[in-house]
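Scroll down for the structure; my scribbles are underneath it.
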Amino acid sequence: QKEVEQNSGPLSVPEGAIASLNCTYSDRGSQSFFWYRQYSGKSPELIMFIYSNGDKEDGRFTAQLNKASQYVSLLIRDSQPSDSATYLCAPSGGSQGNLIFGKGTKLSVKP
Amino acid sequence: DTAVSQTPKYLVTQMGNDKSIKCEQNLGHDTMYWYKQDSKKFLKIMFSYNNKELIINETVPNRFSPKSPDKAHLNLHINSLELGDSAVYFCASSHTGVASPLHFGNGTRLTVT
């Protein structure tokens, strides 16, 4: 059974702080890692993806991947109230390309 | 607009009824998916089609039957609806391959009473 573990939160950070979201996965065969943001009542939207070990930065977002530790994280710098949402970690689940989603971490950014 | 669109957005029905959800994508993707998100917000894959061929069929009751008339469309038919089927159903699409992100439709909130 392929599993993706995330702290369900809620994770509460003050506006302007760094939010750190963590994810571990069980399938060593996962090659691609995606972070999705889901606002309440909306569909998941892609915010970051990473394929190689190390860091990848895109604006205020940084994804970090450590395949040896089976760990992927997402850092949000200068957090804004509009970042308040549930963040879903999704490693690729197999050759078919489907993604296996974690249960998500609910982030709350307080003004 | 390029998108994944699914209809209806809301579906309220009684136990025992049969209902369908339709999905269409105009992103040129060749793989389409149905995911179910339950009340605990857990997003779980149900089916996946690649170029009209079923490639993923998770442990889903056979009351659920997907159909893909072409690679741009994937529909979901549910027979004999049960209370436990209440959830949000998301259609998604992607290019083939493990490096391709999924693009989601807006979801269909199914409520079975």
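Sequence lines, in order, name chains P and B. Counting with this note's numbering, you get residues 1186 to 1296 for the letters of the first sequence. Counting with this note's numbering, you get residues 258 to 370 for the letters of the second sequence. No residue lacks a Cβ here, since even glycine has one placed at the ideal position from N, Cα and C. Here the structure is a predicted model, which means the values were calculated and not measured.
Check, Outcome
"Rounded C-alpha distance that separates P:N1283 from B:V355", "7 Å"
"When B:I312, B:T365 and B:M303 are compared against P:G1226, the one with the closest alpha-carbon", "B:T365"
"Residue-chain proximity (B:H360, chain P), Cβ-Cβ < 9 Å", "yes"
"Local conformation of B:L340 per DSSP, three classes", "helix"
"Ranges of the alpha helix (DSSP H) found wholly within the stretch 1204-1275 of chain P, counting only runs of at least 4", "none"
"Cα-Cα separation between P:L1196 and P:T1290, rounded to whole angstroms", "7 Å"
"Cβ-based burial, P:R1213 [other Cβ within 10 Å; buried from 16]", "exposed"
"Euclidean distance between Cα positions of P:K1252 and B:C280", "35 Å"
"Three or more C-beta pairs below 8 Å linking the stretch 276-293 of chain B and the stretch 1235-1246 of chain P", "no"
"Secondary structure of B:P326, DSSP reduced to three states", "strand"
"B:F347 (DSSP reduced to helix, strand or coil)", "strand"
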